[in-house]
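Going by my numbering, the residue at position 4 of the sequence shown is 6; the numbering climbs one at a time, nothing skipped.
Just so you know, even glycine gets a beta-carbon here, dropped at the ideal spot from N, CA and C.
Notes for the one structure printed next.
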Amino acid sequence: PFVNGIALPYSITAYATGGDTASISFTPSARDDCTEKDDINVTTSFTTSNGGYFSQSGHSDVTSVFPLGDTVVTINATDSAGKTAAKNLTVTVTYQPTKAPTEPPSDSPSAQPSSQPSS
Numbered sequence: 003p004f005v006n007g008i009a010l011p012y013s014i015t016a017y018a019t020g021g022d023t024a025s026i027s028f029t030p031s032a033r034d035d036c037t038e039k040d041d042i043n044v045t046t047s048f049t050t051s052n053g054g055y056f057s058q059s060g061h062s063d064v065t066s067v068f069p070l071g072d073t074v075v076t077i078n079a080t081d082s083a084g085k086t087a088a089k090n091l092t093v094t095v096t097y098q099p100t101k102a103p104t105e106p107p108s109d110s111p112s113a114q115p116s117s118q119p120s121s
């Protein structure tokens with residue numbers, strides 16, 4: 003079997019929402035490369051940096067809350083002959099970058115009128 007790269011990207015990056023986590027969804031899929039059938043066992047599992055563990059069987063959507071940083075998700079597939087395949091997916095959660103102000107605040111020195119004498 004092989005784990006499809008089309009339905010499963012090699013990495014997912016998301017911004018933290020509501021604190022230091024992000025809710026992320028993806029759909030693992032696999033098929034038997036001999037029979038071209040999708041009816042093989044797929045298990046998705048990972049352990050997060052804060053000690054959380056997740057495991058789910060099947061081709062259904064995976065939705066989970068991931069902490070800041072990188073989490074490696076492993077997708078395992080087993081066909082009817084017992085052959086296996088695996089693919090890792092990295093989920094990265096970061097803070098959303100803040101935009102730099104385009105103008106200095108009104109109380110900054112560069113925003114104050116010049117007090118230099120005119121010549």
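If you look at glycine 71, you'll find it in the beta strand (DSSP E) that goes 71-80.
Judged by DSSP in its simplified three-state form, serine 62 adopts coil rather than helix or strand. Within the same chain, Val44 come within 7 Å of glycine 60 by CB-CB distance, once the 5 residues on both sides are set aside. The Cβ-Cβ distance between asparagine 90 and threonine 76 falls below 8 Å. Under the DSSP assignment, threonine 46 falls in the beta strand (DSSP E) whose first and last residues are 43-49.
In this structure, the straight-line span from the alpha carbon of serine 62 to that of isoleucine 42 is close to 13 Å.
When the alpha-carbon of tyrosine 12 is set against those of Phe68, Thr73, Gly54, Val67, the nearest one is in Thr73. A straight-line Cα-Cα distance of about 28 Å links glycine 84 and serine 66. Contact check for serine 47 against serine 31 fails: the beta carbons are separated by 8 Å or more.
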